[in-house]
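Notes follow once the structure below has been shown.
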Amino acid sequence: MKPRDKFHRLARQAIADPILQTALDNNADRRRSAWESAFASLPDAAALRSQARAIRQQTIEHLDEHLEQFIQRLKENGVHVHRARDAEQAAQIVVDLARSHQAETVVKSKSMVSEEIELNQALQAAGIRPVETDLGEFIVQLRGEHPTHIITPAVHLRREDVAETFERELGMPYTTDIQVMNDTARRTLRDIFLSTPVGVSGANFGVAETGTLCLVTNEGNGRMVTTLPAVHIAVMGIERLVPSMGDLAVMLQLLPRSATGQKLTSYVSLINRPRQAGEPDGSQERHVVLVDNGRRALAETDQAEALLCIRCGACLNACPVYREIGGKTYDSVYPGPIGSLVSPGLFDIARYGHLSKASTLCGACAEACPVQIDFPTLLLRGRDHYVEQ
């Protein structure tokens, strides 16, 4: 079946699924209201978004310069740096590191790049058990599914679905009480955190001038993954840089507002180095895997603006198409409007080029984007490239 035909089939199934429609409607309504309230608290949201766009654009235009500075600072801070040209090499680096520390299990915090490089599949093929510890990721992993949203991986599920999953996979007596389900997941994961030698995370941002990794999370699992295991491995795309700590401060005002409608997320972690003598906690060994996987090539095209994305997911929540068909229909780790740009750009236009047509061109995604990506223009260019191909 052609990718375009598969998309149409999955879209029809999604639209006909009343449970999915309810879940998507609830998410969209909740996110829109929170987004509006969060941005109303800024004295000049438009100016801040313009500043953020300028920061990201400057970073991408001078990516090699910032990347070299970042690598140099990481090494000065005692962090091991690995560069991966593609997904296969990136996954193999992590597998080799886990093997070198005799890890039978690896704990992971939420990372879209690890999904992109199919890290879980690579670890499993090597006989190493990956355990997702973000609650949404943990749920979809138990169900044998993939995340359907950049920020909320289990957005397509109701609490009844989660209760059935926990009853079947964890032996929890069936209940839809959120607190009971959270406690069940917490108890299940706690022993794994305490016994696993290797933790893997993503990175929301890397600060070039200091070699700092910034992780923005709403669950304590991110800090558990990056401090309790003896070895911490951060996997990040090479474009996820900001030049300075001042630039990071701009992004931290926009990312949580755009992603979850919060003024600030629960945990903002700044990681600079391995654990030092006399410090009470922290991983003793840190690694950063810098993943290209098509990013440099994309930066040389007329679709380079897609690399400005800070992975907030706001465009998914605003998009009338995503709000009807959900994430599975896109058949890509990156769904929604941003997925319609980066999936053909990073992976394969023959497989994903049709996604540029999964849009009304209404501009809601551009209005929601904190770094002002011109989605309609890029989607039209994508359609042109797809027709040419």
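This note's numbering applies: residue 816 is where the sequence shown begins, and numbers increase by one.
Cβ coordinates follow ideal geometry from the N, Cα and C atoms, glycine included.
- Runs of the beta strand (DSSP E) lying entirely within the stretch 955 to 1030 and spanning at least 3 residues, in chain order: 1013 to 1016, 1020 to 1022.
- Following the DSSP letters along the chain, one finds residue 823 inside the alpha helix (DSSP H) bounded by residues 818 to 830.
- Here residue 837 is exposed, its C-beta having fewer than 16 other C-beta atoms within 10 Å.
- Beta-bridge analysis with DSSP links residue 920 to 944.
- Judged by DSSP secondary structure, residue 1167 falls within the alpha helix (DSSP H) whose first and last residues are 1164 to 1167.
- Taking the Cβ atoms as the reference, residue 1151 lies roughly 6 Å from residue 1134, within the contact range of under 8 Å.
- The stretch 819 to 830 and the stretch 1025 to 1041 do not touch, with fewer than three beta-carbon pairs separated by less than 8 Å.
- The alpha-carbon of residue 1177 is positioned some 45 Å away from that of residue 894.
- For residue 943, the closest C-alpha among the options 931, 923, 1136 is that of 923.
- Residue 1034 sits buried, since 16 or more C-beta atoms from the chains shown fall within 10 Å of its C-beta.
- By the neighbour-count definition (other C-beta atoms within 10 Å, threshold 16), residue 949 is a buried residue.
- Residue 1193 sits in a helix when the DSSP states are folded into three classes.
- Under the three-state reduction of DSSP, residue 1085 is assigned to strand.
- In the DSSP assignment, residue 1101 falls within the unbroken beta strand (DSSP E) covering 1100 to 1106.
- By the neighbour-count criterion, in which a residue is buried when 16 or more other Cβ atoms sit within 10 angstroms of its Cβ, residue 989 is exposed.
- Of all alpha-carbon atoms in 1122, 1015, 928, 957, the one lying nearest the alpha-carbon of residue 1101 is that of 1015.
- Per DSSP, the unbroken alpha helix (DSSP H) holding residue 881 starts and ends at 878 to 891.
- Boundaries around residue 908 are those of the alpha helix (DSSP H), 902 to 915, since no beta strand (DSSP E) includes it.
- Scanning its chain for C-beta atoms nearer than 7 Å, with the 5 sequence neighbours on each side dropped, one finds around residue 892 the residues 1026, 1087, 1088, in chain order.
- Between the C-alpha atoms of residue 875 and residue 992 there is a straight-line separation of about 45 Å.
- Rounded to the nearest angstrom, the Cβ distance from residue 1129 to residue 1184 is 6 Å, consistent with a contact under 8 Å.
- For a cut-off of 8 Å, the C-beta gap from residue 818 to residue 1166 is around 5 Å, short enough to register as a contact.
- In the three-state reduction of the DSSP assignment, residue 1052 falls in the strand class.
- Here DSSP, grouped into helix, strand and coil, assigns residue 1090 to coil.
- Rounded to whole angstroms, the separation of the alpha carbons of residue 941 and residue 1054 is 29 Å.
- Assigned with DSSP and collapsed to three states, residue 1032 falls in strand.
- As a beta-bridge residue in DSSP terms, residue 896 pairs with 1103.
- Around the beta carbon of residue 1078, fewer than 16 other beta carbons sit within 10 angstroms, so the residue counts as exposed.
- Exposed is the label assigned to residue 816, since fewer than 16 other Cβ atoms lie within 10 Å of its Cβ.
- Residue range 833 to 855 is occupied by the alpha helix (DSSP H) that includes residue 848.
- Residue 1046 sits in a strand when the DSSP states are folded into three classes.
- In the structure shown, residue 1186 falls within a coil segment according to DSSP collapsed to helix, strand and coil.
- Taken atom to atom, the span from the alpha-carbon of residue 1019 to that of residue 999 is near 28 Å.
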